[in-house]
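Presented below is the structure to which this report refers.
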Amino acid sequence: MFDAPPPNELELSELHVVSDLHLGGAAPGSQIFKEGTRLAALIRGLRRRPTESLALVLNGDIVDFLAEEGASVFDPAGAIGKLWRIINDPSFSDVWAALRELVAGGGAGVARTLVFVLGNHDIELALPHVRQWLSNWLAAGDDGARGRILWATEGAGFTALVGGRRVLCLHGNEVDDWNLVDHLALLQTARAYHRGMPAPTWRSNAGSSLVVDVMNPIKRAYPFVDLLKPEVEAAVPLLFALKPSLVKSIGRAAALVGRKWIDGLRASAGFLGEGASEAVEVKAEDSGEARVRELVLQLSGTALPLTGLQARMEAVQLRIERGEQAPASDEEASRFLGGDGAVFGIANPMELLRSALKRALPDDRSFEVSAADDTFRSLDAQVGSHVHFLIAGHTHLRRALPRQGEGCFYYNTGTWIRLIRLSPAALADKQAFERLFRVLGSPSLLELDAHRNEDGTPFVHTEPTVASIVGSARGTYGVLNGVQPDGSLESIEGTRFPREVSLGQL
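Here our numbering = 1-based position in the sequence shown + 26.
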């Protein structure tokens with residue numbers, strides 16, 4: 027006779043979650059992750075913790091294939107080569123060494139599990155041959171270590187029980203129209219690979235297309251564009267202020283996602299009420315381009331000199347209707363949209379950018395850990411109350427909030443990459459913003475690291491964060507922890523749920 031059946035979910039004493047490391051990029055000056063020593067110390071500290079069973083969840087966008095040289099939106103054949111380069115990069119190698127140590131085990135009777143959840147910048151990890159290769163490398167020939175590596179790459183997320191409470195880890199792109207992953211297409215690609223057949227044509231999501239076709243070329247000159255938060259409201263006016271000829275490229279990306287995204291941007295700029303338009307699929311590239319042009323012209327705002335703006339908008343629309351080509355260069359774009367080197371009729375493109383950002387970010391709460399955002403609301407609506415702790419990433423903004431079900435809570439682990447927060451003072455003062463704009467023109471993130479704001483605070487900062495779900499004698503609780511340089515954990519105020527459960531010592 028067999029023993030009693032095992033549980034159908036992993037049962038743990040502790041679960042720790044990090045996300046959005048974005049390990050990748052060949053040159054240190056262009057790598058947005060710079061916390062290798064701190065992350066390796068965290069992983070080694072988790073391995074030594076005096077707890078019986080512990081899992082570390084890497085909750086998506088752990089590596090960033092889109093940041094590598096010669097990136098494409100999907101690269102099944104080149105993924106292992108890119109992984110090998112990332113593993114051996116001096117900026118990241120100690121992190122991978124620590125992960126190897128983690129799955130090697132914590133000693134007799136101590137279980138340590140490593141979990142990979144798929145994101146949207148590392149979709150090649152869903153392919154069986156890539157997973158197998160990475161598992162083999164991490165396990166270093168140890169079958170026991172290989173068994174301690176779990177993969178959640180089919181789009182359903184990862185679940186576990188901690189102290190009898192159910193935890194669900196999702197990357198968060200599941201509710202982001204820009205960055206949806208086509209898991210059926212991934213399955214079809216895996217089938218073709220195993221059968222020795224040509225891979226089917228990959229249809230990129232809009233977010234990956236934007237990164238590869240638009241953002242990557244810009245990042246070579248302006249590497250900071252990856253770091254701005256909030257992303258959507260700041261990125262589009264910034265891109266146009268820096269390089270007006272990008273209207274065609276962004277139009278291609280917009281055509282992938284449809285009117286819903288453009289309407290969302292217009293709403294953030296105050297031109298459209300939320301929910302005023304249903305999503306309409308954009309069939310043609312030029313339709314996406316037309317809507318992006320419309321948005322950017324509107325973003326100029328009434329606070330700026332608008333002499334002739336209406337005429338230029340009408341000229342834009344007429345040219346689009348005639349099917350004429352988009353401007354091929356920045357000079358041509360400037361002449362077309364404003365003349366005399368102006369961008370959209372504004373002699374100083376910095377004023378376009380400053381005005382657009384002021385309009386888009388009047389009361390920005392992006393960095394408030396208790397602020398409900400669209401990702402939280404969408405995931406909360408789509409996940410039932412049988413999930414007690416819902417943990418996501420993707421937004422790069424950490425969160426800790428009660429959910430709508432009793433005893434249910436939400437965490438977002440933010441990101442470990444560099445972040446830039448535009449201060450209201452910098453946006454309010456023309457001269458301060460001009461100084462800031464000149465700093466942003468640096469081709470190296472290392473130079474940005476050295477810059478200080480007017481008040482002496484770092485211009486670029488990091489928020490290395492781990493969500494910890496801990497089972498204790500007094501109950502199971504969750505908390506966001508800031509990771510200190512030595513890998514130790516310091517709880518972030520206001521993030522412990524339920525409040526009545528004693529935090530104890532992490």
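We put the CB at the ideal spot given by N, CA and C, even for glycine.
If you're wondering where the values come from, they're calculated on a predicted model, not measured in any experiment.
First and last residue of the uninterrupted beta strand (DSSP E) at residue i
i	result
Y503	501–509
G107	Not the beta strand (DSSP E): G107 falls in the alpha helix (DSSP H), residues 105–114.
V141	137–143
F177	Note on residue identity: the sequence assigns Trp, not Phe, to residue 177. Taken as a continuous stretch (DSSP letters only), the beta strand (DSSP E) holding W177 covers 175–178.
A454	Per DSSP, A454 belongs to no beta strand (DSSP E); it is in the alpha helix (DSSP H), 450–454.
T185	184–188
A426	424–428
I446	445–447
Cβ shell of residue i (< 6 Å), same chain only, five flanking positions each side left out
i	result
A493	V43, I417, Y437, T439, L506
G513	A67, L68, G71
D312	The pLDDT assigned to D312 is 49, lower than 50, so where the model puts this residue is not dependable, and the model offers no usable value.
A302	Confidence in A302 is poor, its pLDDT being 39 and thus under 50, which makes the residue's placement too unreliable to answer from.
A337	Legend: pLDDT at A337 = 48, less than 50; position of this residue unreliable, no value from coordinates given.
E37	L187
L253	R444, L445, I446
P249	S56, L471
V237	L92
T441	D46, H422
F415	V193, F435, I495, G504
P226	Q214
Residue i, enclosing alpha helix (DSSP H) - first and last residue
i	result
H220	209–220
P490	From DSSP, P490 is part of no alpha helix (DSSP H); its letter is neither H nor E.
N438	Unbroken run through N438 is the beta strand (DSSP E), 435–439; no alpha helix (DSSP H).
V89	First-last for V89: undefined, no H or E at that position.
F28	Note, F28: premise wrong, no alpha helix (DSSP H); not H, not E.
V395	Looking at the DSSP string, V395 is not in any alpha helix (DSSP H), and its letter there is neither H nor E.
F402	400–408
G62	62–74
I244	242–247
V121	119–129
L164	154–165
Short Cβ contact (8 Å threshold) for residue i with residue j
i	j	result
A186	L41	yes
R192	V413	yes
P490	G508	yes
A426	T521	yes
D148	D202	no
G181	H209	yes
Q214	S117	no
L140	I175	yes
S470	G55	yes
E150	A97	no
E199	N242	Reading off the sequence shown, one finds Asn at residue 199, where the question assumed Glu. No; because the gap between Cβ atoms is not below 8 Å, this pair is not in contact.
L84	R126	no
L453	L405	no
F28	S230	no
R537	L128	This structure leaves residue 537 out entirely; the chain is present only between 27 and 532.
L144	V207	yes
Residues that residue i bridges to, as DSSP identifies them
i	result
H42	L82, S494
S517	N507
L236	Looking at the DSSP assignment, L236 forms no beta bridge with any residue, so it has no partner.
V193	A186, F415
L49	V89
L36	A186
F523	G504
R478	P484
G59	Checking the sequence, you will find Phe at residue 59 rather than Gly. Answer is I443.
L254	I446
Min CB distance residue i to chain D below 8 Å
i	result
T139	Reference to chain D is not applicable here, since this structure consists of a single protein chain.
Same chain, Cβ closer than 8 Å to residue i, neighbours up to 5 away in sequence not counted
i	result
P511	T63, R64, A67
P33	L187
S39	T77, E78, S79, L80, V188, G189, V496, G497
Beta-carbon proximity list for residue i, same chain, < 7 Å, skipping 5 on both sides
i	result
W177	F142, R157
E95	A52
H487	L445
A407	none
N479	S449, F485
W122	I113
Any non-hydrogen atom of the ligand SAH closer than 7 Å to residue i Cβ
i	result
V141	With respect to small molecules bound, the structure shown includes none, and the ligand SAH cannot be examined in it.
- Counting pairs of beta carbons, one from the stretch 418–437 and one from the stretch 33–48, are three or more of them closer than 8 Å? Cβ pair count under 8 Å is three or more, so yes.
- Check whether the stretch 428–436 touches the stretch 470–479, taking contact to mean three or more Cβ pairs, one atom from each stretch, closer than 8 Å. no
- Query: Are three or more beta carbon pairs between the stretch 214–228 and the stretch 169–178 nearer than 8 Å?
  - Reply: In this structure the stretch 214–228 does not touch the stretch 169–178; the number of beta carbon pairs closer than 8 Å is below three.
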